[in-house]
Each structure stands twice: as structure tokens, then as C-alpha cells.
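Protein sequence lines, in the order shown, are assigned to chains X and A.
Counting from 5, one number per residue, gives the positions in the first sequence under my numbering.
Counting from 5, one number per residue, gives the positions in the second sequence under my numbering.
Here a beta-carbon is modelled for each residue, glycine too, at the ideal position from N, C-alpha and C.
There are 2 protein chains.
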Amino acid sequence: MIFLIQSLLSLLLWKPAKEEEEEKYDGVKSTKKEHKPLSKDEIYRLRKKHVAESCILFYDPKPLQIVRARAQYMYDEQDNEYLDCINNVCHVGHCHPDVVKAGQDQMAVLNTNSRYLSELNASYAKRLTDLFPEELDTVYFMNSGSEATDFAMTLCEVYTGHRDFICVDSGYHGHVQSATSISDYKFNHPKGIGKPSNVHKMDLPDTYQGQYRGSDAGPLYAAQAEVLVKGIQDKANGVKSGVAGFIAESMLSCGGQIILPEGYLKTCYQTVRAAGGLCIADEVQVGFGRCGEGMWSFAMQGVVPDIVTIGKPMGNGHPMSAVVTKRAIADRYYQRRPEYFNTYGGNPVSCAIGLAVLDVIEQEGLIEHAKTTGDYFLSKVQELYKKHTCIGNVRGKGLFLGIEFVKDRDSQAPDEATAVSMKKAMYKHMIIVSTEGKYNNIMKVKPPMTFDKANVDRFCEVLDREISDRYLANGY
Amino acid sequence: MIFLIQSLLSLLLWKPAKEEEEEKYDGVKSTKKEHKPLSKDEIYRLRKKHVAESCILFYDPKPLQIVRARAQYMYDEQDNEYLDCINNVCHVGHCHPDVVKAGQDQMAVLNTNSRYLSELNASYAKRLTDLFPEELDTVYFMNSGSEATDFAMTLCEVYTGHRDFICVDSGYHGHVQSATSISDYKFNHPKGIGKPSNVHKMDLPDTYQGQYRGSDAGPLYAAQAEVLVKGIQDKANGVKSGVAGFIAESMLSCGGQIILPEGYLKTCYQTVRAAGGLCIADEVQVGFGRCGEGMWSFAMQGVVPDIVTIGKPMGNGHPMSAVVTKRAIADRYYQRRPEYFNTYGGNPVSCAIGLAVLDVIEQEGLIEHAKTTGDYFLSKVQELYKKHTCIGNVRGKGLFLGIEFVKDRDSQAPDEATAVSMKKAMYKHMIIVSTEGKYNNIMKVKPPMTFDKANVDRFCEVLDREISDRYLANGY
Chain X
5 MIFLIQSLLS LLLWKPAKEE EEEKYDGVKS TKKEHKPLSK DEIYRLRKKH
55 VAESCILFYD PKPLQIVRAR AQYMYDEQDN EYLDCINNVC HVGHCHPDVV
105 KAGQDQMAVL NTNSRYLSEL NASYAKRLTD LFPEELDTVY FMNSGSEATD
155 FAMTLCEVYT GHRDFICVDS GYHGHVQSAT SISDYKFNHP KGIGKPSNVH
205 KMDLPDTYQG QYRGSDAGPL YAAQAEVLVK GIQDKANGVK SGVAGFIAES
255 MLSCGGQIIL PEGYLKTCYQ TVRAAGGLCI ADEVQVGFGR CGEGMWSFAM
305 QGVVPDIVTI GKPMGNGHPM SAVVTKRAIA DRYYQRRPEY FNTYGGNPVS
355 CAIGLAVLDV IEQEGLIEHA KTTGDYFLSK VQELYKKHTC IGNVRGKGLF
405 LGIEFVKDRD SQAPDEATAV SMKKAMYKHM IIVSTEGKYN NIMKVKPPMT
455 FDKANVDRFC EVLDREISDR YLANGY
Chain A
5 MIFLIQSLLS LLLWKPAKEE EEEKYDGVKS TKKEHKPLSK DEIYRLRKKH
55 VAESCILFYD PKPLQIVRAR AQYMYDEQDN EYLDCINNVC HVGHCHPDVV
105 KAGQDQMAVL NTNSRYLSEL NASYAKRLTD LFPEELDTVY FMNSGSEATD
155 FAMTLCEVYT GHRDFICVDS GYHGHVQSAT SISDYKFNHP KGIGKPSNVH
205 KMDLPDTYQG QYRGSDAGPL YAAQAEVLVK GIQDKANGVK SGVAGFIAES
255 MLSCGGQIIL PEGYLKTCYQ TVRAAGGLCI ADEVQVGFGR CGEGMWSFAM
305 QGVVPDIVTI GKPMGNGHPM SAVVTKRAIA DRYYQRRPEY FNTYGGNPVS
355 CAIGLAVLDV IEQEGLIEHA KTTGDYFLSK VQELYKKHTC IGNVRGKGLF
405 LGIEFVKDRD SQAPDEATAV SMKKAMYKHM IIVSTEGKYN NIMKVKPPMT
455 FDKANVDRFC EVLDREISDR YLANGY
């Protein structure tokens with residue numbers, strides 16, 4: 005009903021706007037062309053011909069054509085419905101009407117750069133920084149997580165005067181050169197560039213497969229930071245060598261949906277700061293309430309970062325990101341470097357969308373929803389764990405879960421084949437999941453935050469049946 | 005009239021869409037908050053408090069608050085109208101109704117990543133590559149000019165196996181670390197990082213202030229490429245040292261609105277290619293018909309680049325960019341590097357907007373319009389040149405013009421004071437221009453492409469009067 009009233013209101017508002025446009029664009033006729041729909045084969049042919057092959061299609065050579073999406077559902081060209089379990093970008097749900105409306109309304113009014121004063125820009129900057137611990141009070145707006153990582157690195161370099169970074173095994177922080185250089189997931193890929201000499205890598209703090217598995221695993225894994233810091237300081241006999249920064253996702257996504265063990269970031273941060281370095285929390289994938297315990301996942305570790313990078317969920321699909329930092333760090337950059345200008349960063353359309361996303365998270369209680377649904381989801385996959393020995397480990401916080409497949413529970417040998425086979429089986433049932441992790445044996449779940457208990461039930465029923473069928477087929 | 009029909013149609017289409025949303029978001033109430041407008045002072049205070057100071061505001065401490073914009077006009081909070089002579093991003097006009105509608109419609113339907121097959125993505129890839137010379141047939145979609153430069157550099161490095169770049173004095177190619185490293189405008193700034201050792205700089209091919217001024221200036225300036233190439237090859241006695249790439253804007257924007265002299269790029273490209281390097285044309289500022297002589301400014305130089313970066317005008321303000329290259333270059337990247345994934349690049353909303361921009365350029369004849377209006381503009385500023393000796397040089401192609409202020413015509417000494425004073429005077433008359441160039445003495449004009457002859461007349465009348473007033477005030 006509210007939507008109907010809104011529709012009517014938007015109609016009333018729409019007509020004058022159009023008339024005004026007609027006046028401003030005096031004599032200019034509408035130029036919209038009619039494109040007749042292409043067949044799926046033709047689309048595939050054009051894509052292969054004109055888009056670079058490095059831009060991978062899911063399920064290629066039989067890719068999925070998606071024509072529309074709503075909430076946690078996507079629809080193909082024949083209107084088949086798919087349950088989206090992986091798109092954390094469309095955070096409050098694909099095409100959420102409030103977010104769409106905020107973007108639509110603002111697009112028609114103003115979309116320009118942030119060198120002009122804008123209420124949307126200033127209000128959003130306040131609203132966003134208010135969500136962080138008090139000292140994280142200053143924001144830079146940009147377009148992508150990659151741009152955010154790149155600039156966070158620059159802030160570290162300028163502030164410390166150093167250029168060595170510590171990152172975590174299997175981490176991914178973006179596709180630009182700088183971000184790739186600290187992303188083990190990229191540089192350590194078989195076709196990667198290898199680890200640069202100024203980059204130093206922590207082991208994966210994985211309490212299932214890793215070296216330390218007990219309740220003291222956090223500080224034990226974090227102790228490696230001291231070794232790395234010492235290595236960096238020794239490197240050039242103390243002459244202009246030191247730690248610029250430490251970067252870690254607050255929950256490890258590409259690392260295999262790993263929940264950091266207690267005390268991990270606290271110890272890492274202490275060590276890095278003692279060496280003069282800054283600590284970056286990468287919340288591009290895991291921020292905005294996904295963990296179900298508050299807005300930012302770093303808070304679960306009891307730390308306050310020096311710099312936070314945020315992105316994907318921020319705009320529910322609209323290209324936007326930000327770096328949030330402390331005023332002293334921003335001030336030093338201001339003193340020592342030229343203006344920071346980003347053509348689109350903080351434009352009014354992005355800010356209107358960003359504000360709408362925050363409104364929806366708050367008013368739909370999506371953080372609590374992630375907690376409730378995530379707890380339920382975890383309990384249901386724990387039931388599957390009890391039933392199926394191919395599942396070696398299940399873990400999660402909120403709507404961020406991992407199901408790890410192993411050859412057997414004694415050896416815990418990673419079982420990529422089963423993980424991938426299950427991913428394909430789920431796809432046949434129109435459930436979209438992906439696999440991840442060092443050995444690609446972890447089923448990754450990070451759906452839009454509107455994902456509900458009925459979706460959980462469907463997911464678990466299908467997975468249960470498919471694992472059973474695989475057992476039968478393999479003669480267990 | 006067409007707009008009215010469109011409005012009515014969109015109303016009819018709108019209601020079912022809203023109903024569908026209501027159905028899909030069953031039980032979810034609209035959560036849009038009402039924000040009451042803040043005063044300009046309050047907005048300024050919030051901006052200063054929460055946005056980093058390095059993000060500069062125009063006219064600070066009395067910035068301009070812009071609340072809406074249409075075509076080449078922007079409006080402040082009191083509805084005063086400003087003539088926008090510098091925003092080349094809003095290429096087909098601020099908030100062009102067709103582009104707005106394309107974005108609005110697609111936002112409500114689907115906005116997801118390019119790992120799913122999408123007609124909009126494939127069609128736009130074809131439409132875009134069809135606008136380039138045949139061999140430039142492959143596209144990568146991204147979000148910003150900076151991301152495009154970064155990836156173009158990577159393509160050069162992967163293809164050649166080298167990492168030395170040749171760039172042009174005063175050039176700007178983006179704000180990420182890699183792009184900054186080849187942007188003299190940034191690294192050579194008083195607060196810049198200085199020129200990296202793998203970067204080599206050509207002099208500005210400026211036929212007014214530079215070393216060569218005759219009809220043979222192009223090849224003469226370009227001859228420096230050979231010296232730089234030799235320097236690069238000698239650097240490591242030929243061992244794994246060589247040219248990765250050469251990058252230049254096809255018209256020099258930050259360099260001071262410089263039109264490249266004939267034969268410049270041809271000779272540069274020949275030299276760089278003979279050394280095994282690739283040639284990047286940066287069309288982020290100057291592409292999409294701005295020069296009035298076709299879609300891409302590099303064509304005026306009679307060259308075909310190996311890689312073209314495009315951005316700003318591409319989405320009329322929407323964050324999008326692309327790298328267009330040859331299949332062989334893309335293929336080598338595919339063989340040697342992991343997947344290229346960009347969260348937002350090539351999403352259906354961006355592609356719908358990109359297609360609408362191309363439709364508008366074509367159907368409103370904006371390239372021809374840029375030619376006609378630009379020629380008229382140039383003739384009018386040439387009249388000012390004849391009248392006022394403080395103008396040392398005027399130049400332009402299409403809607404890309406520069407007016408260079410000098411202390412006197414004999415010495416040609418750059419006159420930043422007059423340039424800046426004229427910029428401020430124009431602002432008092434609600435005409436927004438900026439100054440640029442090595443000595444900040446060039447008035448830069450690159451308005452939305454809807455800029456018309458009446459705007460030219462207004463611009464020139466005001467500038468004429470203001471220059472005369474300044475003469476009088478200074479006692480000439």
C-alpha cells in the first residue's frame with residue numbers, strides 16, 4: 005500500500021520534472037533506441053568476441069543469463085528463479101525498492117563531483133563516520149574496494165615513511181597493481197607475479213587445518229607478526245626500513261570463510277603498532293552488519309583499526325567505496341601529498357544510495373536478522389556435519405558461512421572434488437553457491453542479507469540430498 | 005510532447021513494477037527516512053568535520069553549493085543558474101533525460117556483476133568496440149579512469165615483459181599508485197613523490213611556449229622518444245630492460261589544453277613500437293567526440309593505439325570506464341595472468357547508461373555540434389586575442405579550448421595572476437571555468453557537449469568586459 009502511495013506521488017512529481025527537462029532540452033527529441041532482444045547464443049557470441057577472455061563467466065561454456073533480480077532471487081531469460089547465496093554486494097537485496105528509488109530520484113536531479121558542496125555528501129560522511137569508533141572520524145570517498153585498498157596503502161606509506169606491508173595468506177584486497185601486490189590470492193596464483201620483496205605474509209589463522217587449533221590459537225598465530233616485523237627491520241639494518249602497515253579482512257573471505265580466532269587481530273595490531281606501522285581492516289566483503297554482531301566485523305576482535313576500507317555492500321551494487329581513518333593520519337597526508345581528487349567518489353547519487361542502504365539496514369533490522377538467520381543456518385549445517393563425514397568443518401558468523409569438504413575426518417585432507425561437485429549439484433537445483441579457500445574445498449555462503457530461514461531450509465535439504473546421492477553413487 | 009508520452013508510458017510501467025516489488029518484499033515496509041534540509045553553513049561544517057581536507061572544495065572557504073543541474077547549467081541552493089564550462093564528465097549534458105531514464109529503468113531490474121551473461125554487457129561491448137579501428141576489438145570494463153590506466157599499464161608489462169614507461173610532461177592519468185607514478189602532474193607536484201626510476205618524461209609538445217613552434221614541431225618533439233628509449237635500453241646493458249609502454253592523452257588536458265602538433269603521436273608510436281613497447285592513448289578526458297572530428301581524438305593524429313583508456317564521458321557521471329585493446333594483447337594477458345574480475349565493471353546499469361550515452365551522441369549529432377560550436381568559440385576567442393594583449397595564445401579543437409594569459413606577447417611570460425583573476429571574475433558572473441597548465445596561466449574550457457553558441461557569446465562578452473576592466477583598474 006505504501007508503495008502504491010509512493011508510486012502515485014512519484015507520478016505527480018515525475019510529470020513536472022519531465023516538462024522541465026523538455027524545456028531545458030529545448031528542441032532536443034528523445035533519442036532512445038529500441039533494441040530488440042538477442043538470443044542467448046547471440047549474446048554469448050558477442051560477449052566472447054568483444055569482452056576479454058580473462059573476464060570469466062560463471063558456468064562457461066553454458067553460462068547463466070540473468071535478466072532480473074529481486075531480494076535474494078535472480079531470474080534467467082526463461083524466468084527461472086535462482087536462489088543467490090553468494091552476492092554480498094547486493095547487500096540489502098537485489099534491487100531493493102528504497103535503494104533503487106534513492107538512486108533514481110537523485111540521478112534525475114544532480115550527479116556531479118564532490119568539489120561542490122553537497123548536503124548528501126556531507127550528511128553521508130557524518131552518518132557513516134558516526135557508525136565507527138569515535139577516532140575513526142574522517143572519510144575519503146571512492147568507487148571500488150581496489151581504489152580503497154590502494155589509497156589505504158598510500159596513507160600508511162605517507163604516515164610511516166615506510167613501504168613494507170604485512171598481509172595474510174590467501175587474502176584478496178583488489179585488482180589494481182598496488183592491491184594485487186598485497187593479495188596472496190593473486191600474487192601467489194599459479195599465474196601470479198609472486199610475492200614482492202616489500203610484502204610479508206602471515207600464515208592463515210585456520211583453526212581447522214592450521215598449526216594451532218586450541219583456544220589460544222589467536223595469539224599463537226599472531227605471534228608470527230613479530231617475526232615478520234623483525235625481518236623487515238633487519239632487512240636494511242634499520243636504515244629507512246620499517247613497517248608501513250598490516251592488512252587483514254576482519255573475517256577471511258577468499259581464505260576460506262575463516263572466522264578469526266579470539267585475540268588474533270589484537271596481538272597483530274599491538275605488534276605492528278609497536279613497530280610504527282598502521283593497521284588496516286578490510287571490511288569490503290564483511291562490513292555493514294554481515295557478521296550479525298554489529299556494523300563492523302573488526303569489533304568482534306575487540307580492536308579499533310587505524311584505517312578501514314569499505315565497499316561492495318555500501319552501495320548495494322552501485323560502484324562506491326570509502327576509506328575511513330583517523331584525523332591525524334588524514335592530516336599528515338594533507339600536509340605531505342597533493343589534493344586527493346576522485347572524479348566520481350562521493351557524488352550525490354552514490355551518497356543518496358549509500359544513505360538509503362544504511363536506512364534499510366537499520367529499519368529492517370538486518371543485522372539482527374543476519375544474527376538470527378545465521379545462527380539458524382549454522383545449526384542446520386551442523387546437523388549435516390553430524391550426518392555426513394565428507395563435511396570436515398562448518399563455521400560462520402551471521403550470513404557469512406563456510407562448509408569445508410574433506411576426504412576423511414582423520415586426515416582432514418581437503419576434498420576439492422566433492423566441494424565442486426556439490427556446487428554443481430546445487431546449481432542444478434537453482435541454488436547459486438561458490439567454492440573457495442586455499443584448496444578450493446570450502447563451500448562459501450554470503451547471500452544478500454534478506455536471506456531467510458526458508459532459504460536456509462531449502463539450501464540444507466538440497467545439500468543433504470545431494471551428499472547422500474553422491475555417497476550412493478560412489479558406493480558408500 | 006514525446007516526453008509527455010514517455011511519462012505516461014513510464015507511469016503505466018511503473019505501477020506493476022512497484023506492485024511486484026511489494027510482492028517480492030512481502031511484509032517489508034518502505035524505510036525511506038525524511039531528511040530535513042540542512043543550511044549551507046551546517047553542510048560546510050559537516051563536510052569539513054568528516055571529509056578529509058585533501059578532498060578540495062572549489063572556492064573554499066566560500067564554496068558553491070549545487071543542488072541540481074540540467075544540460076550545461078547548474079543551480080545553487082537559491083536556484084541561481086551557473087554556466088558549466090568545465091564538466092566534461094556530464095558529457096551529453098547534466099542529467100540528460102534519456103541517460104537518466106536508462107539508468108533508472110535498469111537499476112530497478114538488475115544490477116549485478118559480469119560473471120553472468122547479460123545482453124546489455126555484450127551489446128555494449130560490441131557497440132563500443134565497433135566505434136574503434138578494427139584491430140581494437142576487445143574490451144575490459146571497470147569503474148574509473150584510474151583503474152583503466154592501472155590495467156593498461158599491466159597489459160603493457162605483461163605483453164612486453166618490461167616495466168619502463170614513457171609519459172608526457174604535465175600529464176595526469178589517475179590517482180591510484182600506478183597511475184600516479186606515470187603522471188607528472190602528480191609526481192612532479194611540490195608535494196609529489198618525484199619521478200620513479202622506471203618512468204621517463206617527454207617535454208610538453210607546446211608550440212606556443214616550447215622549444216619547437218613551426219610546422220615541423222610534431223616530429224621534432226617526438227624525436228625525444230628515441231633518446232628516452234635508448235636511455236632505457238642502456239640502463240641495464242640490455243638485460244631485461246626495455247620499454248613497456250608509452251602513454252599520452254590525445255589532446256593534453258592538465259598540460260594546458262594543448263592540441264598535439266601534426267605527426268607527434270605517429271613518430272612517438274613508431275619509436276616506441278620499434279623498441280617493442282605498446283602505445284596507450286588516454287581518451288578519458290578527450291574521447292567520445294569532444295574534439296568534433298570523430299569519436300576519438302587519437303584519430304586526428306593518424307594513429308591506431310595498442311590500448312585505449314576511456315572513462316569520464318562514457319557514463320555521463322556514472323562511475324564507469326574501460327580499456328579497449330587488441331585481441332593479441334588481451335590473449336597474452338589471459339595466458340599469463342589470473343582472471344580479471346572487477347566487481348562493478350560492465351554491470352547492466354553501467355552498460356545501459358553507456359548505451360544511452362552513445363545513442364544521444366549519435367542522434368543529437370553532438371560530434372558535429374562540438375565541431376560547429378567549437379569553431380565558433382575559437383573564432384570568438386581569436387577576436388579577444390586581437391583585442392587584448394594579455395591573451396598570448398588561443399587554441400582548441402571542438403569543445404576543448406585553452407586561452408593562455410601572458411605578461412606580454414614579446415616575452416610570452418606566463419601570467420597566472422591574470423588567468424586566476426579572470427577565472428574569479430567569470431565566477432562572479434556565474435560562469436564556471438578553471439585554470440590549468442604548467443604555470444596555471446591557461447583558462448581551460450571543456451563544457452558539456454550541449455554547450456551552444458549563445459553560451460559562447462555570453463562567455464566571450466563577460467571575458468571581454470572583465471579583461472577591459474582589469475586593464476582600466478591596472479592603469480593601462
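Near residue i, which residues of its chain fall below 6 Å by C-beta distance, leaving aside the five closest residues on each side in sequence?
i, result
"GLU266(X)", "GLY222"
"LEU114(A)", "PRO352"
"PHE145(A)", "ALA326, GLY349, GLY350"
"THR393(A)", "ARG413"
"PRO200(X)", "SER185"
"ASN125(A)", "SER118, GLY350, CYS355"
"GLU297(X)", "MET304"
Please classify residue i as buried or exposed, where buried requires at least 16 neighbouring CB atoms within 10 angstroms.
i, result
"GLU27(A)", "Confidence is the limiting factor: at GLU27(A) the pLDDT is only 41, short of 50, which leaves the residue's position unreliable, though a coordinate-based value still follows. So GLU27(A) ends up on the exposed side."
"GLY31(A)", "Caution applies to GLY31(A), whose pLDDT of 40 falls short of 50 and renders its modelled position unreliable; the model cannot decide the point."
"VAL234(X)", "In the sequence under discussion, the amino acid at residue 234(X) is Lys, which differs from the Val named in the question. Burial call: exposed."
"VAL231(X)", "exposed"
"GLY402(A)", "buried"
"LYS375(A)", "buried"
"LEU132(A)", "buried"
"LYS469(X)", "According to the sequence as given, residue 469(X) is Arg; it is not Lys. When all chains shown are included, ARG469(X) counts as exposed."
"ASN478(X)", "exposed"
"SER127(X)", "buried"
"GLY281(A)", "buried"
"LEU476(A)", "exposed"
Between which two residues does the alpha helix (DSSP H) containing residue i stretch?
i, result
"ALA334(X)", "331-340"
"VAL191(A)", "Per the sequence presented here, residue 191(A) reads as Phe, with Val not at that position. Unbroken alpha helix (DSSP H) run through PHE191(A): 188-191."
"ARG49(A)", "44-54"
"CYS283(A)", "Here CYS283(A) belongs to no alpha helix (DSSP H); instead the beta strand (DSSP E) covers 282-286."
"SER354(X)", "352-367"
"LYS442(X)", "Where LYS442(X) is concerned, there is no enclosing alpha helix (DSSP H), given that its DSSP letter is neither H nor E."
Going by the beta-carbon positions, is the gap between residue i and residue j smaller than 8 Å?
i, j, result
"ASP207(A)", "TYR225(A)", "yes"
"LYS442(X)", "GLY260(X)", "yes"
"SER58(X)", "GLU343(A)", "yes"
"VAL290(X)", "LEU140(X)", "no"
"VAL1(A)", "ILE170(A)", "Since the first and last residues shown for chain A are 5 and 480, residue 1(A) lies out of range."
"MET162(A)", "ARG341(A)", "For the sequence presented, residue 162(A) should be read as Val rather than Met. Taking 8 Å as the Cβ cut-off, VAL162(A) and ARG341(A) qualify as a contacting pair."
Excluding five sequence neighbours on each side, which residues of the same chain lie with their C-beta closer than 7 Å to the C-beta of residue i?
i, result
"HIS179(A)", "SER150"
"TYR268(X)", "PRO209, GLY222, TYR225, ALA226, GLN305"
"SER425(X)", "ARG474"
"ALA75(X)", "GLY97, HIS98, PRO452, THR454"
"CYS258(A)", "SER174, GLY175, TYR176, TYR189, GLU440"
"TYR216(A)", "LEU224, TYR225"
"ASN397(A)", "TYR212, GLU408"
"GLU420(X)", "TYR443, ASN444, ASN445"
"ASN459(A)", "GLN76, LEU87"
Return the first residue and the last residue of the beta strand (DSSP E) that residue i is part of.
i, result
"ASN397(A)", "395-400"
"THR313(X)", "311-314"
"GLU85(A)", "85-88"
"ALA73(A)", "70-74"
In its own chain, which residues sit with a C-beta less than 8 Å from the C-beta of residue i, not counting the 5 before and 5 after it?
i, result
"ILE357(A)", "VAL103, ALA106, GLY107, GLN110, GLY319, ASN320, HIS322, MET324"
"MET434(X)", "ASN84, GLU85, TYR86, LEU87"
"LYS33(X)", "At LYS33(X), the pLDDT of 44 sits below 50, so the modelled position is not reliable and the matter cannot be decided from this model."
key: Any alpha helix (DSSP H) of 4 or more consecutive residues that is wholly inside the stretch 147-182 of chain A   = 149-164
task = Taking only runs that begin and end inside the stretch 235-268 of chain X, name each unbroken beta strand (DSSP E) of 3 or more residues, in chain order.
result = 247-253
Uninterrupted alpha helix (DSSP H) stretches inside the stretch 102-140 of chain X (no shorter than 4 residues) = 123-133
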